[in-house]
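Those protein sequence lines, which keep their order, are chains A and B.
Using the working numbering, read the first sequence as starting at 7 and increasing by one per residue.
Using the working numbering, read the second sequence as starting at 16 and increasing by one per residue.
Where is the CB? At the ideal position from N, CA and C, for every residue including glycine.
Below: one structure, written as structure tokens.
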Amino acid sequence: MKEVFGRIFIHRREENWWMNLLVPITSIIIALIVGAIFIASTGRDPILAYKLMFGASGFVPGPYFKTHFAEMLLYTALFASTGLAFALPARAGLFSIGAEGQFLVGMITAAFFGFWKPLYNLPSFIHITIIFAIVILFGGLWGLIAGFLKAKKGINETIITIMLNWIAFHLIEGWLVPTGGPLAADVSTGVSGTPYVSPSARLPVILPGTRLNISILVMLLVIYLAWFLLYRTVFGYEIRAMGYTAITNMEAPKIGGVNTEKRIMQIMFMGGAIAALGGSFVVLGFLGQYPPVFEGGYGFDGIAVALIGGNEPVGILLSSMLIGGLRTGATAVQLARIPKTFPAIIEGLIVAFIALNELIRYLLSKVLLRKKEGVA
Amino acid sequence: MNWTFLINQSIAQILDFAAPILFAALGGVISENAGVVNIALEGIMRFAAFFGVWGAFVSKSPWVGLLWGIGIGALLGAFHAYITVKWAGDQIVSGVAINVVAAGGIRYFLEWIFKTTGYSPNVTYFGDPARLINLKFLENIPVLGAFAHLHIFIWLSLILVFVLHFLLYHTVLGLRIRAVGEYPLAAETLGVNVLRIKWFAVILGSIIAALGGVALSLGTMSSFVETGMAAGKGFIGLAAMIFGKWTPIGAMWATFLFASAQVLQFLLQAIAKGVATKIPVGFYLALPYILTIGALIGVVGKAVAPAADGVPYKKEG
């Protein structure tokens, strides 16, 4: 147990390993307290707000628990995808903020191959497998653009991913999807956005009576693979070595025989593929099409998710569940006359206190370790 | 067609479009030269855009709005510095925190203070013809005519480029800032107070980025628009800063390149005839970003950040 937690929350074993678990939990609690003070100072009832938010978050049993639980896991799969898309390159010392665009690429790819006639009547299992494979390929290639330019030309990956986000957004929502665009539904059908995908492309529901589909299982597999890749393969070892020496331009691993150029391209491909997979969940899972306007943001939330999870696959699973739960409870807080973007404030505060981990670690060790010494 | 007018108009548009991005880029330049990455530029701009309008709304004076914007910028800068300098926290994490809080928090404020979603009411602003800096004698001169009727933020952004260039490369303080960003230990050994320099640079950088936010809501527009502020302009500023190799003048050229591409895109759409009208609008909108990538591939070599950029500095002992 100690070993497992140690591996999740820190890269080397320490004497007070439990501190690495306690620090994020304390951060979350403090963030909730600060959030409550904020609500109270704007003249609303914080206790009611939290009651509503957590009541509808899918964490605590109550009315409609099954529905909320299902929604929470659906969000978890989405946030985990963009979280990993940030975290994997980050482990190699790359700062990619391209998950937003990669997510959209995954959405439009899934929509197209969902309604494309030649595949339309395939058996569901084969159809979905084919779509996932193509989505992984296209999303990966979109991510690879930045990886290629970084590896071969030394161009900063941050700029390229920012630009690629906007290019993906404008090409999709300014060309492919609007009425008259190459992927838009025919006007006579009365559908705006792309046509709806074939029933065979819809992700099967695994919890009857809810929208919960196989996306969460797929994502659990991806998270396991990411963990395996990072900690059980030479590839992962080299990636982490590059991350540790990112500041010194990855010289050390290069001298040690790591083909850094190849690794950069591979990890950027993977990041793009995983984010795109998340995008395909949205289309195949609940929307059924690429809508005329998509309110995104999953890519940027993914950065927060990855950071709360410490860029660790298992940590990202936990943090995406947390953020997923907050989002599920978001609409309920409106009953307390609080805008539904309130959970985003909590999310930001958690990230802020995660950043302050040195302070929290200091305070905790002061309180807890002194007590321990006193007892001894 | 009146070419003088068209050219002047286009340049004026480029400058107007560039100003907020330029502020963000310059804020980043100052902060990162002292070794503190600030990806919160986007969030700071959003906060400042809102607080600027709030201040102007309460007081009916855009100057008060400007002060509120600067105030919130300083506050957020202090927050970022407290985390990253005082507690040597992760700079990316802290920046993301500000961005996330800005995304959700400002909407909360909008609904709480103005009881609206999406827009704030209109307030008095610097783009008002009466408040523009009018240099009528320039009006009919090609190129220079572009500067005849600009709002205060455009001038401020241009002046700031040279002020910051002078500060960084021709003053002792600038040398210290750069030393702290390149090799803090050496700077400390020579008696420079590394932490204080970092505090200063982070707060100054945030204030400058905040000016970009106020330029959006009280310069170009006269209200806060939920979806338009900062709508990625802070991140474009971040990109311009890297593109410009962490120098004020480089950041300026990068920003102008991007802004020109943006205005070119508008122009092309407006004058499109025949086959060109068949080109989907998405291509035009994507053009500035594609051109930026093209410029990066073609012209600019490898960008090298200050050596200790992003590395938390812990004082020994």
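Please give me, in chain order, every unbroken run of the alpha helix (DSSP H) with length at least 4 that falls completely inside the stretch 252-292 of chain B.
Whole alpha helix (DSSP H) segments, 4+ residues: 263-286.
Establish whether the CB of I26 of chain B and some CB of chain A are separated by less than 8 Å.
Answer no: the Cβ-Cβ gap between I26 of chain B and chain A never drops below 8 Å.
Let me confirm a value: A46 of chain A is counted as buried when at least 16 other C-beta atoms fall within 10 Å, else exposed. Which label applies?
A46 of chain A sits exposed, since fewer than 16 C-beta atoms from the chains shown fall within 10 Å of its C-beta.
Output, in chain order, the set of chain A residues within a Cβ distance shorter than 7 Å of V115 of chain B.
Ordered by position in chain A, the residues that pass the 7 Å Cβ test against V115 of chain B are A310, A350, E353, G354 and V357.
Quick one: which chain A residues come within Cβ less than 8 Å of E126 of chain B?
Neighbourhood of E126 of chain B in chain A, by CB distance below 8 Å: P345, in chain order.
Distance, Cα to Cα, Y198 of chain B vs K372 of chain A?
If I take the Cα positions, the gap works out to 32 Å.
Distance cut-off 7 Å: V100 of chain B Cβ against heavy atoms of the ligand NAD
Looking at this structure, you won't find the ligand NAD or any other ligand, since it has none at all.
Got a sec: is the Cβ-Cβ distance from I87 of chain B to anything in chain A below 8 Å?
Not an interface residue.
Which residues share a DSSP beta bridge with L165 of chain B?
Residue pairing by DSSP puts L165 of chain B in a beta bridge opposite B:I148.
Taking the C-alpha atoms as reference points, what is the distance between I338 of chain B and G252 of chain B?
Since the first and last residues shown for chain B are 16 and 332, residue 338 of chain B lies out of range.
Take G189 of chain B and list the residues in its own chain whose beta-carbon comes closer than 7 Å to its own, dropping the five residues that flank it on each side.
Contacts found: L182 and L183.
Using a cut-off of 9 Å between C-beta atoms, extract the partners of G247 of chain B located in chain A.
Result: I168, N171 and W172.
Taking DSSP as the reference, what is the three-state secondary structure of V197 of chain A?
Secondary structure of V197 of chain A (DSSP, three-state): coil.
Pull up the DSSP beta-bridge partners for N219 of chain A, would you.
Answer is A:V211, bridged to N219 of chain A.
Determine, using beta carbons only, whether A63 of chain B comes closer than 8 Å to chain A.
No, its Cβ sits nowhere closer than 8 Å to a Cβ of chain A.
Show which residues of chain B have a CB atom less than 7 Å away from the CB atom of F361 of chain A.
Reading the sequence as shown, one finds Ala at residue 361 of chain A and not Phe. Correct list: I98, G104, D105, V108, S109 and A112.
Using three-state DSSP, classify V207 of chain B as helix, strand or coil.
In the structure shown, V207 of chain B sits in coil (DSSP, three-state: anything other than H, G, I, E or B).
Should T235 of chain B be flagged as near chain A, meaning a C-beta pair shorter than 8 Å?
For T235 of chain B, the closest Cβ of chain A is not nearer than 8 Å.
In chain order, each alpha helix (DSSP H) run of at least 4 residues that lies wholly inside the stretch 224-308 of chain A
As far as the stretch 224-308 of chain A is concerned, its whole alpha helix (DSSP H) runs of at least 4 residues are 240-250, 257-261 and 266-287.
Chain A contact for A225 of chain B (CB, 8 Å cutoff)
Residue-level contact check: A225 of chain B does not touch chain A, since none of the beta carbons of chain A fall below 8 Å from its beta carbon.
Between which two residues does the alpha helix (DSSP H) carrying D31 of chain B extend?
That run of the alpha helix (DSSP H) goes W18 to N48.
Using CA coordinates, which residue listed in A:M271, A:L365 and A:S206 is at the minimum distance from L128 of chain A?
It is A:S206.
Do you know how far the Cα of A64 of chain B is from the Cα of E57 of chain B?
E57 of chain B and A64 of chain B have their C-alpha atoms roughly 11 Å apart.
Do you know offhand how far L110 of chain A's Cα is from A282 of chain A's?
One C-alpha to the other measures close to 7 Å.
What is the rounded straight-line gap between the Cα of K248 of chain B and the Cα of I29 of chain B?
About 14 Å.
Compare the beta carbon distance of T167 of chain A and A152 of chain A with 8 Å and say whether it is the shorter of the two.
Contact: yes.
What residues in the stretch 28-62 of chain A bring their beta carbon closer than 7 Å to a beta carbon of chain B?
Listed by position along the chain: T48.
Any C-beta of chain A under 8 Å from that of F32 of chain B
No, F32 of chain B lies away from the interface with chain A (no Cβ there is under 8 Å from its Cβ).
Skipping 5 residues on each side, what residues in its chain have a beta carbon closer than 7 Å to that of L28 of chain A?
The beta carbon of L28 of chain A sits closer than 7 Å to the beta carbons of L370 from its chain, once the five residues preceding and following it are set aside; these are given in chain order.
Throw me the rounded Cβ distance for the L209 of chain A and I134 of chain A pair, which I believe falls under 8 Å.
So it is a contact: roughly 7 Å between Cβ atoms.
I'd like the list of long-range same chain contacts for I280 of chain A, defined as Cβ closer than 7 Å, with 5 residues on each side in sequence excluded.
Apart from the 5 residues on each side of it in sequence, I280 of chain A sits with its Cβ closer than 7 Å to the Cβ of S87, L90, A91 and V228 in its chain, given in chain order.
Given this structure, state the Cα-to-Cα distance separating A116 of chain A from W148 of chain A, to the nearest angstrom.
The alpha-carbon atoms of A116 of chain A and W148 of chain A are separated by roughly 14 Å.
Considering only DSSP beta bridges, list what V240 of chain B is partnered with.
Its beta-bridge partners are B:Y134.
In terms of residues, what are the limits of the alpha helix (DSSP H) holding Y299 of chain B?
DSSP places Y299 of chain B in the uninterrupted alpha helix (DSSP H) bounded by V296 to G313.
Beta-carbon of N26 of chain A versus every beta-carbon of chain B: anything under 8 Å?
It does not: the Cβ of N26 of chain A has no partner Cβ on chain B nearer than 8 Å.
Quick one, which of A:I43, A:G68 and A:G112 has its alpha-carbon nearest G284 of chain A's?
Of A:I43, A:G68 and A:G112, the residue nearest in Cα terms is A:G112.
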